[in-house]
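Reading through the structure tokens given below for one structure.
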Amino acid sequence: MLDTSHEDMIHDAQMDYYGTRLATCSSDRSVKIFDVKNGGQILVADLRGHEGPVWQVAWAHPMYGNILASCSYDRKVIIWKEENGSWDKMYEYTGHDSSVSHDPSEIILIC
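Just so we're aligned, residue 535 is where the sequence shown starts under the working numbering, counting upward by one.
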């Protein structure tokens with residue numbers, strides 16, 4: 535069992551390609567990333583940028599780096615990227631409908 539420290543309902547949880555990181559998203563408007571290697575759990579990022587409940591997260595294929603997409607009730611898709619141990623907003627798109635998914639063969643985000 536993982537204590538996520540979210541303050542409201544969790545809507546999605548996705549493991550990365552290697553099964554070493556877990557991304558969660560919640561009605562508390564946050565996305566959290568945990569290092570879950572060797573059965574442990576370490577919070578490595580608490581990402582804020584959405585103005586409504588976050589419905590879904592999706593990891594990009596690792597060949598493109600550590601990239602995570604999140605979508606929210608606020609109609610935004612945010613692309614987050616880790617560089618040098620820090621997660622930052624790489625891109626923000628407004629006007630999506632409901633979900634996000636990465637194409638595993640290319641760096642294409644479907645929303």
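No residue lacks a Cβ here, since even glycine has one placed at the ideal position from N, Cα and C.
This structure is a prediction, so every number in the text was calculated from the model and none was measured.
Residue i - DSSP class collapsed to helix/strand/coil
i: Tyr-607; result: coil
Where residue i falls, given that 16 or more other Cβ within 10 Å makes a residue buried
i: Leu-577; result: exposed
i: Arg-563; result: buried
i: Gln-575; result: exposed
i: Thr-554; result: exposed
i: Ser-632; result: exposed
Within-9 Å CB hit, residue i to chain C
i: His-595; result: In the structure shown, chain C does not exist; there is a single protein chain.
Paired residues, beta bridge with residue i - DSSP
i: Ala-594; result: Its beta-bridge partners do not exist; DSSP assigns none.
i: Gln-548; result: Ala-557
Test item: CB-CB of residue i and residue j under 9 Å
i: Tyr-627; j: Pro-596; result: no
> Counting Cβ pairs, one atom from each stretch, are 3 or more of them under 8 Å apart for the segment 567-576 and the segment 604-613?
Replying inline: no
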